[in-house]
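Every letter in the sequence shown is one number past the one before it in the numbering used here, and letter 244, counting from 1, is 278. For each residue, glycine too, the CB sits at the ideal point set by N, CA and C. The structure displayed is predicted, hence computed values, not measured ones.
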Amino acid sequence: MGATLIDGKACAAAVESGLVSRIAALGAAPHLAVVIVGDDPASHVYVGAKERACERLGIRSTRIDLPVDTPFDDVVATVEALNADSDVNGILVQSPLPDGMDEIAITGLIDPIKDVDGFHAENLGRLVQGDTTGLLPCTPAGVMRMLEWAGVNLSGKNAVVLGRSRIVGMPQALLLAQKGADATVTIAHSRTEDIASVCRDADVIIAAVGRPEMVRPDWVKSGSTVIDVGVNRVEDESEKGYHLSGDVHADVVDVAGAMSPVPGGVGPMTIAMLMENTVRATEMQR
């Protein structure tokens, strides 16, 4: 029959709808500042989508474009100025930064209460302690909201997270194992032996490795839920010269019970959760 597709756009619209009254209750619009260093094409696409989401919700958005050769100290000074500006409620430094620039160091400079990406060590540390009331990493939080929205029961289920990045994989595993979600979680990565077999035992697979079509149909247990976090550019002979591919092969739809598409799955949810974090940060500050 084929898997039910989990519509990230519809779920994101529901998240945004729930933010309207919270924004109105603030009295003044939240203010998000986005710093983008360099000319990475994908970064500009993502930032444009974030700006459109801000416009839909009435969130003020300031974009600060810095040249690719901006010295590290100047990026630091920009973040510190935004930290000190009481008119700015949320700060996001768009990834990736130019080669050689320390992303973790920059993230660590952002005031944790303005860290709407949820990557600061203080915010990740709260998650490790079981506190999910603060600013959570947007993509993992978006995956959790999608699963809830789609009615996927996680309690006692075997969940496999493919990838162990600090941005997605590790916080995703923590969220799946939190009380209230209660999944039994395995983190699989490049050193995992017989990764296909590990995936076949899973009731839920979260693929976040950045390898096109890595998860094949024979990796997936019939009826399981598969969430595809990957967005990969694959060269082809089309007019664009490329197409977008997830980390999950398209034929998995014939095996899984439910899965998220690429595009239109996790991507819209990441932006929706950024909007929620911006509102949450403003609520905490006020």
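Query, Result
"Cross-strand partners of Arg97 (DSSP beta bridge)", "Val68"
"Sub-8 Å separation of Val202 and Val265 beta-carbons", "no"
"Cα-Cα separation, Arg90 to Thr304", "16 Å"
"Boundaries of the alpha helix (DSSP H) in which Arg86 is found, first to last residue", "75-91"
"Buried or exposed (CB count within 10 angstroms, at least 16 for buried), Arg86", "exposed"
"Helix, strand or coil at Ile221 according to DSSP, with G and I counted as helix", "strand"
"Residues that Ile261 bridges to, as DSSP identifies them", "Ile240"
"Beta-carbon contacts of Val208 that lie in its chain and below 7 Å, excluding the five residues immediately before and after", "Per the sequence presented here, residue 208 reads as Leu, with Val not at that position. Around Leu208: Leu161, Val162."
"DSSP-derived helix/strand/coil call for Gly331", "One cannot answer for residue 331 here, as it falls past the ends of the chain, which runs 35 to 320."
"Pick from Val287, Asp108, Val243, Arg56 that is closest to Ser199, judged by C-alpha positions", "Val243"
"Straight-line gap, Cys45 to Ala175 (C-alpha atoms, nearest Å)", "13 Å"
"Beta carbon of Arg238 nearer than 8 Å to that of Val282", "Residue 238 is actually Val in this sequence, not Arg. In this structure, Val282 does not lie closer than 8 Å to Val238 by Cβ."
"Bridge-paired residues (DSSP) for Ser279", "Asn266"
"C-beta contact flag for Ala315 and Ile147 at 8 Å", "yes"
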